[in-house]
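Residue 43 in UniProt numbering sits at position 43 of the sequence shown; the count goes up by one each step and never skips. Built from N, CA and C at the ideal position, the CB exists for glycine as well. Being a predicted model, the structure only gives us computed values, none of them experimental.
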Amino acid sequence: MASKQLGKLRQWAGEVISSRDKTTVSEEFQELERDIELRREGAARLLAASEDYQHVLSKKKKNEAIEDADKLLPIDTLGIAMIVHGEDFGGESAFGNSLVTLGRAHCKIATLQEAYALTLSDTFMASLQQFTDDIKDYDAQRKKLDSRRLTYDAAMGKFEKLKNSKKEKERRDAEDEMDKARQR
């Protein structure tokens, strides 16, 4: 085990100082990695912007325009104030009736806004959050891949070095290590 880790360390150090070749990946794989990185950055920006947007949509405030009221959306507060003021004029006033009608429309918009904010949170933002969690899983798998690539490269280097060795046991051990690295 220690020899395996030492081989990986040698391989990594050799790659860092450019004395050893790194196993190359296909152009298609590199393109896929670039695509994933682009999506990661975009999802992070979208999630941050969506959280701010959802917060603004669902922000309720206490307003002095309505006495003894709980916190309401500003548009809901405006609607209630319009309804109350319109009712002060009585049913005969066109202005009062218009205020009541417009106030009810504002209250309906507030209800729809609350539903929209909840739907945004439960669907779009939940999907983005799931995607960022999936990206974290991808990062863990990518780390494993790098570790296994280092193991493979170290085994390959050891195998190449001992391929023409006269010591049969060392060569067999190198071949076994190479086979194990390939199977991973």
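Can you grab the Cα-Cα spacing for the pair residue i / residue j, in whole Å?
i	j	result
Asp-133	Ala-110	33 Å
Glu-28	Leu-46	26 Å
Asp-139	Ala-126	20 Å
His-106	Ala-81	10 Å
residue 200	Ala-48	The displayed coordinates of the chain run from 1 to 184. Any statement about residue 200 would go beyond what the structure contains.
Arg-142	Leu-120	31 Å
Val-100	Glu-87	7 Å
Leu-38	Leu-73	36 Å
Ser-58	Ala-43	22 Å
Glu-170	Ser-50	59 Å
Just list the residues that DSSP pairs residue i with in beta bridges.
i	result
Lys-144	BP columns for Lys-144 are empty, so no partner.
Is residue i helix, strand or coil when you go by DSSP?
i	result
Lys-136	helix
Lys-61	strand
Leu-72	strand
Glu-67	coil
Phe-89	coil
Val-84	helix
Val-56	helix
Lys-167	coil
Thr-23	coil
Flag residue i as yes if its beta-carbon sits less than 7 Å from any beta-carbon of chain C, otherwise no.
i	result
Leu-38	In summary, chain C is missing from the structure at hand, where a single protein chain is found.
Along the chain, where does the alpha helix (DSSP H) containing residue i start, and where does it finish?
i	result
residue 188	The chain is shown from 1 up to 184; residue 188 falls before or after that span and cannot be answered.
Contact between the stretch 146-161 and the stretch 172-179: three or more CB pairs below 8 Å?
-> yes
Between the stretch 143-153 and the stretch 40-60, do three or more beta carbon pairs fall short of 8 Å?
-> no
Any contact of the stretch 111-121 with the stretch 89-101, i.e. 3+ C-beta pairs under 8 Å?
-> no
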